Structures are given as C-alpha cells and as structure tokens.
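Undergrad: Before I ask anything, here is the structure I am working with.
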C-alpha cells in the first residue's frame, strides 16, 4: 500500500509539474499573443493610414441612328481618390499611372475634344479647293499630360494640410479644357 501511495504521490507531483509548466507556457503564450496582437493592431492602423482607395464612376451615352449607325453621345468619368494627405503625396506617381492606365482603356478616349466644338473651323487644304474640317479631338499624350497635371496639382495642394483622410475628385469629361481635380479634406 505504501508503494501505491508513493506512486500516486510521484504521479501527482509530475502532473503538478507539467500543469505548472503548461500554465507558465500558456501564460507566456498569452503574453506573446497579446504583444503580437498589439503589434498587428498597430500595423493594421499604420496600413489603414497608408491605404489609398481609388474608385471610378463612368457614364457613356451611345446614340443609334436609323437602326444602323452608332454615335458616341455624352460621356463623363469621375475618379475619387481617398487616403491621408501624406500617403497621397508619397504615392503620387502610382496614383497617376493607375488612373491614366485605366482612362486610356476607356472606349471614349478618342472622342475627347480640344474645346467645345459646335461649328468647327473649316480649314482649306492648299492642294485642293475642297474644304476640310480640322480634327476637334485631342491626342492621347495631351490627355495623359492634362490628367497628370491636374492630379499632381491637387495632391500638392493637400500635402501640407496634414489631413488624416482626404478625398480628391477628378472629373474627366468630353472636353479637355473642363478636366479638373478638386480636394475635400475630410478629417483633420
């Protein structure tokens, strides 16, 4: 009986030792988990502050005439860019290239006018007596240059304000002279 008692006592001590060790390990694990969770939350907050979101809203109107001809009607594309003023400035080139890359794929890219053309000027070709109409549309390089300038200007305008959240709205419609980007500082 003494031997059985001794075995139970030894088992109890070993069990207590393992339970104690497990508790210590669990306790240390919980501390590590809590510290990791705090780091992850901090990382998440930093990622949130460094996150920029770009959204696009586009409208196109097509006119079908006499059941056989499709003409491009009115169109407008609006991009909204949101993020901290510091993040917008640091990601300026990526924002510009993302928007230009998307806009260049638009089905209306070839229909952007240099100005409001209601009566296009007639240009006479010197080799012929027939009048020709000047091209009222702008080339892709002019479009991309204008987009770059507008976005760059508005990001520069908000950079020094230290807003934690800024929304920039860029409206690119049918006329390149009407392309514009404006800022809306949301949270200071």
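Residue numbers (my numbering): 1 to 188.
All C-beta atoms, glycine included, are put in the ideal place defined by N, C-alpha and C.
For clarity, every value in this text was computed on a predicted model and none was experimentally measured.
#1: Which residue wins for smallest C-alpha separation from residue 137, given the options 110, 160, 67?
#2: If you measure between the beta carbons of residue 65 and residue 151, is that distance less than 8 Å?
#3: Do residue 166 and residue 85 count as a contact pair if the criterion is CB distance below 8 Å?
#4: Answer with buried or exposed for residue 139, where buried requires no fewer than 16 other C-beta atoms within 10 angstroms of its C-beta.
#5: When the Cα of residue 134 is compared with those of 53, 101, 113, which residue comes out closest?
#6: Can you give me the start and stop residues for the beta strand (DSSP E) that residue 172 sits inside?
#7: Given this structure, state the Cα-to-Cα distance separating residue 120 from residue 90, to the nearest angstrom.
#8: Which residue or residues does DSSP assign as beta-bridge partners of residue 90?
#9: Using 8 Å as the threshold, is the C-beta distance between residue 78 and residue 63 below it?
TA: Taking the geometry as given:
#1: Counting from 1 along the chain shown, the entry for residue 137 is found at position 137. Minimum Cα distance to residue 137 is reached at 110.
#2: Here the question's residue 65 lines up with position 65 in the chain shown. Here the question's residue 151 lines up with position 151 in the chain shown. No.
#3: As a first step, residue 85 must be located in the chain shown, where it is residue number 85. As a first step, residue 166 must be located in the chain shown, where it is residue number 166. The answer is yes: Cβ separation under 8 Å.
#4: Taking the chain shown and counting its residues from 1, one reaches residue 139 at position 139. Classification of residue 139: exposed, given that the 10 Å Cβ count is below 16.
#5: To locate residue 134, count along the chain shown from 1; it is residue 134. Taking only the C-alpha atoms, the option nearest residue 134 is 113.
#6: Within the chain shown, residue 172 is the residue found at index 172, counting from 1. Run containing residue 172: 165 to 172, per the beta strand (DSSP E) assignment.
#7: Along the chain shown, one-based indexing puts residue 120 at 120. Along the chain shown, one-based indexing puts residue 90 at 90. With a pLDDT of 42 at residue 120, under the threshold of 50, the modelled position of that residue is not reliable, and the figure given next carries that caveat. When rounded, the distance between both Cα atoms is 43 Å.
#8: On the chain shown, position 90 is the one that residue 90 refers to. Answer by DSSP bridge pairing: none, since residue 90 is not bridged.
#9: Locating residue 78 in the chain shown gives position 78, counting from the first residue. Locating residue 63 in the chain shown gives position 63, counting from the first residue. Cβ distance not < 8 Å, so residue 78 and residue 63 don't count as in contact.
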